[in-house]
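The listed protein sequences derive, respectively, from chains L and S. Residues in the first sequence are numbered consecutively from 62, following our numbering. Residues in the second sequence are numbered consecutively from 62, following our numbering.
2 protein chains.
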Amino acid sequence: MSVTTDRIVQPLIRRLTSTANPSDEVIRALADLPFTVKSFEPGQDIVRDGERPEHCAAVIEGWLCRFKLLPDGGRQIIAFHIAGDMPDLQSLHLGVLDHSISAVTPCTVALIPHEALRQRTARLPDLAALLWRETMIDAALFRGWVTAMGRRSAYGRTAHLFCELHMRQRAVGLAEPRHSPMPLRQTDLADAMGLTSVHITRTLGALRKSGLITLQGRTLTIHDWDGLCQAAEFDPSYLHLGKANG
Amino acid sequence: MSVTTDRIVQPLIRRLTSTANPSDEVIRALADLPFTVKSFEPGQDIVRDGERPEHCAAVIEGWLCRFKLLPDGGRQIIAFHIAGDMPDLQSLHLGVLDHSISAVTPCTVALIPHEALRQRTARLPDLAALLWRETMIDAALFRGWVTAMGRRSAYGRTAHLFCELHMRQRAVGLAEPRHSPMPLRQTDLADAMGLTSVHITRTLGALRKSGLITLQGRTLTIHDWDGLCQAAEFDPSYLHLGKANG
DNA sequence: CGATTGGTTGATCGTTATCAACATCGGTGG
DNA sequence: CCACCGATGTTGATAACGATCAACCAATCG
Chain L
62 MSVTTDRIVQ PLIRRLTSTA NPSDEVIRAL ADLPFTVKSF EPGQDIVRDG
112 ERPEHCAAVI EGWLCRFKLL PDGGRQIIAF HIAGDMPDLQ SLHLGVLDHS
162 ISAVTPCTVA LIPHEALRQR TARLPDLAAL LWRETMIDAA LFRGWVTAMG
212 RRSAYGRTAH LFCELHMRQR AVGLAEPRHS PMPLRQTDLA DAMGLTSVHI
262 TRTLGALRKS GLITLQGRTL TIHDWDGLCQ AAEFDPSYLH LGKANG
Chain S
62 MSVTTDRIVQ PLIRRLTSTA NPSDEVIRAL ADLPFTVKSF EPGQDIVRDG
112 ERPEHCAAVI EGWLCRFKLL PDGGRQIIAF HIAGDMPDLQ SLHLGVLDHS
162 ISAVTPCTVA LIPHEALRQR TARLPDLAAL LWRETMIDAA LFRGWVTAMG
212 RRSAYGRTAH LFCELHMRQR AVGLAEPRHS PMPLRQTDLA DAMGLTSVHI
262 TRTLGALRKS GLITLQGRTL TIHDWDGLCQ AAEFDPSYLH LGKANG
């Protein structure tokens, strides 16, 4: 594994080893995957709803979001993705994308040909299982979002999002205990939570006034993690970060 | 494949062949899977949040729902499942369940040991890919729900649910063009849509008054499919029912 | 320096929740 | 057969939460 390749594949491997225990053989197969590197500017689309990509993206650096556009121009953000994530793994077996993915911050992704992934996963069942598991975690996060949207107030829902994003970044070494990058505009937060940006302003104000968090300069500061979790009714088990097949 | 086995495995195979084109070898492997059959009464749990099942369920008959319970006793239904679905396929690689599954109607499920699934998917990469694809469709449905919850009114959201459930039943031959089974209480609908049952009453009334649907006697009658789709802004592509790798 | 983007605040409106009473239906036992 | 019961669904009155509209402020960037 060359130095360059190393720098590129490292986030993916760090991510996968953070939630599972892949064998050396599987890690070698991952490291050997062919890819091309591409960079994107904020707001730029990586892939669009309706397309049939021939490769999967693995995030090397920066933030991406997945979203659906509605006829009236509305946008629902469905997920945020950070280094190590594979946001369009589903294109490997679904073909047509049912949503779009675009860059939230300047970002770099590795594009891995479907062909290569298909060959390797056919030869190495453990690799297939590892990536399949990623799809399952992806689905688990969506379940968490459905629950948050359906049954939590703006306040609890927003707290919940911060808990999730903080823990996911912690798990791959991208955040400190009480701080994490949070490069989201209020419109991004609004589109993710099914709220308006005006209401996000008020909600962030309320969270600040409660002494739980402050959000400034693209970073989240957590003043009271326990309080935040309580406000969010946050139970991290749905993130499936435990290695023991959790 | 014996007559008994046939009757049991048939729904699963019908479902899988409705969205993909598995090879004969894969179908044979599915038909050969060991299982035990179990029946449940409405309201009974099939598996519970926090458990680590050793088998996956495949629905043979009846309706199931998946849901998360909140500390305050609230319930968010995350998905409904009909014959042919595998509602807890994710337990194969995730271990701990992050939600519960219970019976909506009297229902029968086949319980397939993880061990058998692991062996077969390791030996038959195409089988693994087929089931992996099911996980991806599962995730796609959740994305549809997130979008519905976040950006649609009670009216549009409810219309959307009926569109989804009707099409999914049609795809596996469980519904007629303008009628489908809909054995849900208003509290089930409410818990699925993030609304109260009182508001569901009013919303159903509005849908009826618009001449789109009526819901009585556990069946949905669609008076105006195009109108319903329009009210729901329904785009069926997220169901990935197309066989051509759609 | 002005222009543009992102964030804040206040006033008002609409959708959905909440509370409460009542209606309907299917089943059960007298 | 009828009276009753529990579960489910309906309706109305009121309240809360979040949307909408509009003005304004702050930061960044040419």
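Positions of the beta carbon are idealized from the N, C-alpha and C atoms, including for glycine. Bear in mind the structure is a predicted one, so any value in this text is a computation, not a measurement.
With contacts defined as CB atoms closer than 8 Å, ASP146(S) and VAL120(S) qualify as a contacting pair. Shown here, LEU281(S) sits in a strand according to DSSP, grouped into three states. Boundaries of the beta strand (DSSP E) harbouring HIS116(L): 116 to 122, taken from the DSSP string. Residue contact with chain L for ARG194(S): present (Cβ-Cβ distance below 8 Å to some residue of chain L). At least one beta carbon of chain L lies nearer than 8 Å to the beta carbon of GLU294(S). DSSP, read as helix, strand or coil, puts SER298(L) in helix.
By a beta-carbon distance limit of 8 Å, ILE138(S) contacts ALA253(S). Their separation comes to about 4 Å. Between the segment 212 to 219 of chain L and the segment 286 to 296 of chain L there are three or more C-beta pairs closer than 8 Å, enough to call the two in contact. Looking at the backbone, the Cα of LEU91(S) and that of PRO186(S) are separated by about 13 Å. In the structure shown, GLN137(L) falls within a strand segment according to DSSP collapsed to helix, strand and coil.
For PHE203(L), the uninterrupted alpha helix (DSSP H) run begins and ends at 186 to 212, by DSSP.
Looking at the backbone, the Cα of ARG136(S) and that of THR97(L) are separated by about 45 Å. Contacts with chain S at 8 Å (Cβ-Cβ) do not include TRP286(L).
As the crow flies, the alpha-carbon of PRO95(L) is around 20 Å from that of THR78(L). Of the candidates GLY288(S), ILE283(S), VAL70(S), HIS284(S), VAL70(S) places its Cα closest to the Cα of LEU172(S). In terms of Cβ geometry, MET197(S) and LEU289(L) do not form a close pair [threshold 8 Å]. In the displayed model, SER79(S) falls within a helix according to three-state DSSP.
Looking at the backbone, the Cα of GLU225(L) and that of LEU192(S) are separated by about 28 Å. With a threshold of 16 other beta carbon atoms within 10 Å, HIS240(S) falls short and is exposed. In terms of Cβ geometry, ASP159(S) and ALA201(L) form a close pair [threshold 8 Å]. The C-beta distance from THR169(S) to GLY123(S) rounds to 6 Å, short enough to fall under 8 Å. Interface with chain L (8 Å Cβ-Cβ cutoff): ARG212(S) is included. Linking LEU302(L) to THR282(S) through their CA atoms gives a straight-line distance of about 44 Å. In the same chain as ARG181(S), and ignoring 5 residues on each side of it, the C-beta atoms closer than 6 Å to its own belong to ALA90, LEU188, in chain order.
Put simply, the backbone Cα of THR275(S) is about 19 Å away from that of ARG229(S). Assignment of ILE261(S) by DSSP, reduced to helix, strand and coil, places it in the helix class.
The secondary-structure analysis by DSSP pairs CYS126(L) across a beta bridge with PHE141(L), SER163(L). For ARG76(S), the closest alpha carbon among the candidates ALA236(S), ALA144(S), SER298(S), SER163(S) is that of ALA144(S). With its beta carbon at least 8 Å from every one in chain L, SER271(S) lies outside the interface.
Assigned with DSSP and collapsed to three states, PRO244(S) falls in coil, not helix or strand. In this chain, the alpha helix (DSSP H) harbouring ALA90(L) covers 85 to 92.
The beta carbon of GLY272(L) sits closer than 8 Å to the beta carbons of HIS284, ASP285, GLY288 from its chain, once the five residues preceding and following it are set aside; these are given in chain order.
At a cut-off of 8 Å between beta carbons, TRP206(L) contacts chain S.
Annotation: ASP106(L) is outside any alpha helix (DSSP H); the continuous beta strand (DSSP E) that includes it extends over 106 to 108. For CYS168(L), the pairing in a beta bridge is given by DSSP as PHE101(L).
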